[in-house]
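J.:
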Amino acid sequence: MANTFDMLLMGERLRACRVARKQTMKEFAEICGISERYLADIERGVKAPKLETFVGIVNAAGISPEYLLQDSLKAADTGNLVRDALDILPKEQREIFKTFILQLADSIK
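Each residue of the sequence shown is one higher than the one before, starting from 1 at the first, in full-length UniProt numbering.
#1: Looking at the secondary structure, which residues open and close the alpha helix (DSSP H) in which residue 40 lies?
#2: Is it the case that the stretch 28-38 contacts the stretch 51-68, given that we only count it when at least three CB pairs across the two stretches are under 8 Å?
#3: Under 6 Å Cβ to Cβ from residue 2, same chain only, skipping five residues before and after it: list those, please.
#4: Alpha carbons only, please: which of 83, 59, 64 and 97 is nearest the one belonging to residue 29?
#5: So, at 6 Å on beta carbons, what are the nonlocal neighbours of residue 75 in its own chain, with the 5 sequence-adjacent residues on each side left out?
So, in structure tokens, the structure goes:
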């Protein structure tokens, strides 16, 4: 894989996070302190956010920067898929998911 930044993949992950949080583009853009149009451009991979905007987005979404930046090869790894799922869930759902995964792992042993 080339050493390029995949803006489309980042935008897709951001959109998935926003949708999982049941927020409209307008609501999420307001929380991030950016325009709805700019958020739409980021989600479509048309524009990459400036660093301060990126920090605002991950803070507003409650996700790790790594979640948005990891490349598609890493996303295919099972461990990363679980971490990705945890990153986009609200805290209470994250705890339920963790419990489910631990119970599933115990049942497989």
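Don't be surprised by glycine CBs; every beta carbon is placed ideally from N, CA and C.
T.: Let me spell this out:
#1: 36-43
#2: yes
#3: With a pLDDT of 44 at residue 2, under the threshold of 50, the modelled position of that residue is not reliable, and the figure given next carries that caveat. If we look at residue 2 and ignore the five residues flanking it on each side, it has no Cβ neighbours.
#4: 59
#5: Note that residue 75 has pLDDT 45, beneath the 50 cutoff, so the model's placement of it is unreliable and the number below is only indicative. None.
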